[in-house]
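> This structure is in structure tokens; I'll ask about it shortly.
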Amino acid sequence: MKWQWIGLVFFSLTVLPTGLAMAADRVPRRLRARLAPVRPRGWSLLLMYSVAPFNAIPRLADASPDVTLAYTAAGVLLSLAGLMLLGIPGHRHLHRPL
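Numbering (the numbering used here), first residue to last: 45 to 142.
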């Protein structure tokens with residue numbers, strides 16, 4: 045139970061603000077060239093962050109195993125959507141015509 049809290053707090057303090065800043069297009073100028081499609085990368089980071097609360101909250105609330113499994117599956121699906129969202133704009137950005 046302690047590790048669920050630690051993971052939730054850690055990811056909420058690191059990944060959540062970063063994803064929100066990137067989704068709002070707030071990135072330092074020196075990183076803009078490396079993070080070319082900034083907004084889609086921010087949204088994908090937020091989707092991948094969603095695994096942490098979807099995994100931790102049902103366990104912390106002592107939900108039934110069926111509810112925990114359903115929330116974990118939903119978190120995995122959101123994470124996969126985030127990975128796809130991360131790959132598509134990055135692929136388009138790298139292979140665009142000059």
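Just so you know, even glycine gets a beta-carbon here, dropped at the ideal spot from N, CA and C.
Under 8 Å: do the segment 64–81 and the segment 108–121 share three or more Cβ pairs, one atom per stretch?
Cβ pair count under 8 Å is below three, so no.
> Which of the three DSSP states is assigned to residue 68 in this structure?
coil
> Which ranges does the alpha helix (DSSP H) cover as unbroken runs of at least 4 residues, wholly within the segment 72–125, from first to last along the chain?
73–76, 82–93 and 95–104
> Cα separation between residue 108 and residue 63?
31 Å
> Could you say which of 58, 132, 131 and 92 lies nearest to residue 118 if we only look at CA atoms?
92
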